[in-house]
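If you read the protein sequences in the order shown, they are chains H, F, Y and Z.
Numbering-wise, full-length UniProt numbering puts 74 at position 74 of the first sequence, and it's gapless, one number per residue.
Numbering-wise, full-length UniProt numbering puts 221 at position 221 of the second sequence, and it's gapless, one number per residue.
Numbering-wise, full-length UniProt numbering puts 91 at position 91 of the third sequence, and it's gapless, one number per residue.
Numbering-wise, full-length UniProt numbering puts 333 at position 333 of the fourth sequence, and it's gapless, one number per residue.
Every residue gets a Cβ at the ideal spot worked out from N, C-alpha and C, and that includes glycine.
There are 4 protein chains.
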Amino acid sequence: MSGNTFGKLFTVTTFGESHGPALGAIVDGCPPGLPLAEADLQHDLDRRRPGTSRHTTQRREPDRVRILSGVFEGVTTGTSIGLLIENTDQRSKDYSNIKDQFRPAHADYTYHHKYGVRDYRGGGRSSARETAMRVAAGAIAKRYLATRGIRVRGYMSQLGPIEIAFKSWEGVNDNPFFCPDPGRVAELETYMDELRRDQDSVGAKITVVADGLPPGLGEPVFDRLDAELAHGLMSINAVKGVEIGDGFAAVSQRGSEHRDEMAPEGFLSNHAGGVLGGISSGQPLIAHLALKPTSSITTPGRSIDRHGNPVDVVTKGRHDPCVGIRATPIAEAMMALTLMDHLLRHRAQNIDVRVTTPILR
Amino acid sequence: MSGNTFGKLFTVTTFGESHGPALGAIVDGCPPGLPLAEADLQHDLDRRRPGTSRHTTQRREPDRVRILSGVFEGVTTGTSIGLLIENTDQRSKDYSNIKDQFRPAHADYTYHHKYGVRDYRGGGRSSARETAMRVAAGAIAKRYLATRGIRVRGYMSQLGPIEIAFKSWEGVNDNPFFCPDPGRVAELETYMDELRRDQDSVGAKITVVADGLPPGLGEPVFDRLDAELAHGLMSINAVKGVEIGDGFAAVSQRGSEHRDEMAPEGFLSNHAGGVLGGISSGQPLIAHLALKPTSSITTPGRSIDRHGNPVDVVTKGRHDPCVGIRATPIAEAMMALTLMDHLLRHRAQNIDVRVTTPILR
Amino acid sequence: MSGNTFGKLFTVTTFGESHGPALGAIVDGCPPGLPLAEADLQHDLDRRRPGTSRHTTQRREPDRVRILSGVFEGVTTGTSIGLLIENTDQRSKDYSNIKDQFRPAHADYTYHHKYGVRDYRGGGRSSARETAMRVAAGAIAKRYLATRGIRVRGYMSQLGPIEIAFKSWEGVNDNPFFCPDPGRVAELETYMDELRRDQDSVGAKITVVADGLPPGLGEPVFDRLDAELAHGLMSINAVKGVEIGDGFAAVSQRGSEHRDEMAPEGFLSNHAGGVLGGISSGQPLIAHLALKPTSSITTPGRSIDRHGNPVDVVTKGRHDPCVGIRATPIAEAMMALTLMDHLLRHRAQNIDVRVTTPILR
Amino acid sequence: MSGNTFGKLFTVTTFGESHGPALGAIVDGCPPGLPLAEADLQHDLDRRRPGTSRHTTQRREPDRVRILSGVFEGVTTGTSIGLLIENTDQRSKDYSNIKDQFRPAHADYTYHHKYGVRDYRGGGRSSARETAMRVAAGAIAKRYLATRGIRVRGYMSQLGPIEIAFKSWEGVNDNPFFCPDPGRVAELETYMDELRRDQDSVGAKITVVADGLPPGLGEPVFDRLDAELAHGLMSINAVKGVEIGDGFAAVSQRGSEHRDEMAPEGFLSNHAGGVLGGISSGQPLIAHLALKPTSSITTPGRSIDRHGNPVDVVTKGRHDPCVGIRATPIAEAMMALTLMDHLLRHRAQNIDVRVTTPILR
């Protein structure tokens, strides 16, 4: 249990290095009878795929996923689902020069101290390339959740200093930023072009929302829905903060303002972000995540080598100037996986529960 | 696995309702030979205990903890440690009026939909009273971590609108707010007195820091140290946001600013908050958490009853006007439990690793 | 996760030493709404209780269990259930003489090497006294299973050299041996009286049966129902072997004899013991377990002390000359816990499955 | 957690159907720095491989394993290890006739009721083909254990009615039965030839032994070493019984005979099979397992189809007349995986323990 598995009942276990022969995953616990094809996974993989605009890394990976088991005659069988993506554009030569150096703000130094040995090619296991398998597995979760009327969607809510107010879901997938306001896309493009000129990188904020949730998902105490969601989102490369609902804004709010009152026609507000006492309320589940600027910039950085000597590190290779740009499908995947797991956990224990109290939205 | 267990190797499983006969916990996986007495746990329990200042709930609970197993002749034996705290000041009568109503922003409505039945006395299992056992278990973790030179401490960094810059660890435990600047305590007291007069509540921000960590704790991919820490902190009642290091400020930072450069004499900054690639760097581990204002205020709130009819709910009983005030020891406990678990997980796999690269701080 | 927890969804975590102040357990994952009282647990605890006949240890423990949480107004709430039994008849003085010696065939030597420290009073954590909490937790599982028409029962099928053919469930609980043939009880009593005279002990074989099971419980590959059951049964003190159905007799059977054919009116035999491919078939689930003779006999035994010097050990104290005699309720408990866990796991994933194929018995 | 993962710290998660494109596994938690090549896994895979003698199925599978991650420059990196074996000789046509029928004593009927859908080609996921990945993963465990002086070996101790007394480890791998007595091999061949003529199958008994174990492995109470081993061994296809040490023979033994006395020069016997109180004693760990006769015989069998109608089923395809013949490497793998997991678990908690008491063998 070295951390390569997510979930308790709907579990995803992954493997694969940035420059190894392949990435893979095993999805266990999927309910049987779900129609599933490789194309269902490919859709989200394509949304995450590098090299689709000038604002992301120019590494070219088709990220073509194969389903190797667990699906028979077009539906899931309930047994474990094997997934595989072969790496095709690896160019290891880019990385040999940093074999004995620790790139600042990367995992090089910490992996070295933890394991004593590391695959230094493109960050090896610590590369965000690993997130492709999250997206593939998340697509399976999304597909099942959709059969229950649950939908998970995300968008970019801030790029560097530029805050982006949510306008509409329409068009979010039609621009390279997952920007929810088509009128702001040009501004973002200009910003990114300048950033590349500066040979620098920048952070971003992503918002993920699930709607159609039943009330009742999440476990009291340690495995609250929001706690597990924070776990999942914070486990994405470069994430430094997670908020549920109003998040840090709640610090300066008063109880009379923050508490979401209820009426027969529904909740009167959603400061909580869809979770009360760690359990879904039926309102939209809302989370925000902060991604740091990628550390792979061409501006030289001070560091040490494995002997403790000072070095100047220049990170070549092909990198995203803003990892947040491709993070939206990954964040959606982690929310979908969390919800799927809790849906199964909830019904294991509570399937017999029948309440007549109306569900508020 | 209904969510009452935290940790993979150093595990804490808890039980107990706000108004039941007792709270309890089983701590499993503690290394043997650790000197441990009830007084070691009592210290932190007393820091969390209600009724010690006029700014917290007036419920009087001695929170006297008993160790029922796992300790023999003053040291841990390696077997499971049973802990028990009896509830003494319960006054159930305060709550019977809300038996069929859902207090706004409480877990009443979500527990009702999840389980169909609930202990409505003081929130039952959803009461923050449950956190007493976290603190007791966390004290065991702290004690072991101390033998490895690791120290976990917290303080209040914001009370409602009042931001509190860190001044010094000295005196943090000498005021009811865990305020790290003695000069600001009077201001906080005044603010709280006004708040009580308004019959309202407010949020808070807590900062927790661990120092003395070795590099290498945390697992790649899903069980990153920061992800598990986010899980633990977000699982505390009322928490709505978690940041590691610069957190949401990283969104608008550039890579050249955020990345922590290294030199033979140490890291040149700590924007990362002590974690790189999900693994501890050896720098201080820094997390911030946002707590929402408590929902139990005496100002009436709109809600529904179990039949869906509109009601006005007045929450009587004895409540904290700012749950953040007593949250510091709880946050410390969750960080200590997370670190303890990862210390054991790390050495299970990597105990043989020997690197000669110097450790930076 | 030092081994004090059983189950994945319906979990039991226990603590307590033979001569500590109390034993306890936390049962997590119990479905809500189940009527439950302490008396429901007490019934099986009384069946396991020492000192009820001259053939078991003369230690007098009322084993009075208290439910401390998770039950409200007579039904389970879905939250964790805290259980506590106080030890009342401990007499630690009996054990101080073996503080630095290792009783042959006990866990003294292995605990010493594992932990470096141990509670030597009555075996501490390794005492079979721990099984009281299994029985208490198992009683909760039995109670839920009963609501689904599933019944778990056991009997003694061999005492030392005396094989006991199953006659009838009636009367099994009316003799101290759980002997399923009232006509054989006198023979068993005579055997035991002689054994005590010889100051020796003997092994036993127990059979446990569940009927009313739906087909489908158990998970393919590693978590087969029979594999998890073997885990649970082998974890009982003194168990050295587990068989499912025909067990070791299958070694010399031919396929044409062993395979259970099916017909519209039902299975034509049950060599498999109710499990096919690790999944329940709907036939009675049948397991046998072998218990070794207790090692605590008054005949002196050769051993070493903690310095490696040879010693002769005489085990005083009060012991069962045949631990198998009280093992039937414990084996039932472990089967009930295993089934309960798999019932929840199964429905988490497969609740939507509808097949029209008739269920065979 | 649908049962496709084994282990807590050194975990193996598998996927793959008998007639799907590939089998795969993810091994997580392997310590870094272990020299590892595909050839290390291939050795045991070849021992298990079908079609190497006339006594096993004639399906021809090279079972060529690829390591896709977790190994870099010849050593493990500590990250998850992806393994893949492609299926090459599938011939699905053999199975289409039994699509709607349930072969007696197979998992067809139980999978059907559990999942409502199944891959009927060659048993799909329930096929023993799945054990190839256990062997591959077990080979990694063996390799690490070897660096600690621990060796896991097995042999056939009974074929149908023919009991085989252990003679010597030498030559065990030089005959198709893993027979530990070269003088008996001809007898076994004759027996098998007759059995094939009878178009029948037969059971077998396998014995697995680990030596070089340190005392201390295994966790008290539920996760005893023998309990987890029973879990692992019973999870192998066709296994119906597991014994530790004397196993069921202990039922009729007396305590004075069974208990293994100790002397400064070592244990005086090993009835316990190397485990006391669930924890390894340092003596050889000994387990026996009973395998039922394979149910796939060409003699027609009575059964029903999915509508409940009676049918006669003839199982064609290519099958092992005694699955026990190829079971030895699989049993070794499960013991190695169990030991590896417990080695890591033990040192996580107890690495600091230092005792001066001599280790007995």
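Backbone CA spacing between residue i and residue j [nearest angstrom]
i, j, result
"Y/Pro86", "Z/Ala146", "Residue 86 of chain Y is actually Glu in this sequence, not Pro. Approximately 46 Å, taken between the alpha carbons."
"Y/Leu343", "H/Pro329", "35 Å"
"F/Gly282", "F/Glu243", "18 Å"
"Y/Ala165", "Y/Met335", "21 Å"
"H/Ala107", "H/Gly16", "16 Å"
"H/Arg361", "H/Asp211", "10 Å"
"F/Gly266", "F/Val172", "28 Å"
"H/Ser157", "F/Val251", "10 Å"
"H/Glu332", "Y/Ala348", "23 Å"
"Z/Gly20", "F/Thr110", "44 Å"
"H/Arg143", "F/Arg118", "33 Å"
"H/Tyr155", "H/Arg354", "36 Å"
"H/Leu36", "F/Trp169", "56 Å"
"H/Ile279", "Z/Gly278", "39 Å"
"F/Ala186", "H/Glu130", "51 Å"
Residue i vs residue j beta-carbon contact at 7 Å
i, j, result
"F/Pro264", "F/Ile359", "no"
"Y/Pro176", "Y/His43", "no"
"Z/Val152", "Z/Leu225", "no"
"F/Arg64", "F/Gly51", "no"
"H/Leu337", "H/Phe6", "yes"
"F/Arg327", "F/Ile206", "Contrary to the premise, residue 327 of chain F reads as Ala rather than Arg in this sequence. Yes, the Cβ-Cβ distance between F/Ala327 and F/Ile206 is below 7 Å."
"Y/Asp28", "F/Ser2", "yes"
"F/Pro32", "Y/Gly123", "no"
"Z/Arg254", "Y/Pro182", "no"
"F/Ala230", "H/Ala230", "yes"
"Y/Ser96", "Y/Ser18", "no"
Counterpart residues of residue i in DSSP-defined beta bridges
i, result
"F/Val71", "F/Thr76"
"F/Leu84", "F/Gly24, F/Arg66"
"Z/Gln42", "In the DSSP output, where bridge partners are listed per residue, Z/Gln42 has none listed."
"H/Asp312", "H/Arg302"
"F/Asp211", "F/Arg151"
Cβ neighbours of residue i in the same chain (closer than 7 Å, five flanking residues each side left out)
i, result
"H/Lys8", "Asp341, Arg345"
"F/Val239", "Leu233, Leu289, Ala290, Leu291"
"H/Asp100", "Asp305, Arg306"
"Z/Ala25", "Val12, Thr13, Thr14, Leu83, Met133, Ala136, Ala137"
"Z/Tyr191", "Leu159, Gly160, Ile162"
"F/Ile150", "Ala210, Gly212, Leu213, Leu339"
"F/Glu38", "Val65, Arg66, Ile67"
"Z/Ile297", "Gln199, Asp200, Ser201, Thr315"
Cβ-based neighbour list, residue i, same chain, cut-off 6 Å, excluding 5 preceding and 5 following
i, result
"F/His271", "Gly245, Asp246, His258, Asp260"
"residue 368 of chain Y", "As shown, chain Y starts at 1 and ends at 361. That puts residue 368 of chain Y outside it, with no answer to give."
"Y/Val209", "Arg153, Pro284, Ile286"
"H/Thr299", "Gln199"
"Z/Thr79", "Gly70"
Residues near residue i in its chain [Cβ-Cβ closer than 8 Å; skip 5 each side]
i, result
"F/Leu268", "Asp260, Glu261, Met262"
Quiz item: Should the region 209-228 of chain H be regarded as contacting the region 307-323 of chain H, the criterion being three or more beta carbon pairs within less than 8 Å?
Solution: no
Quiz item: At a cut of 8 Å, does the region 136-145 of chain Z reach the region 71-87 of chain Z through at least three beta carbon pairs?
Solution: Yes, they touch.
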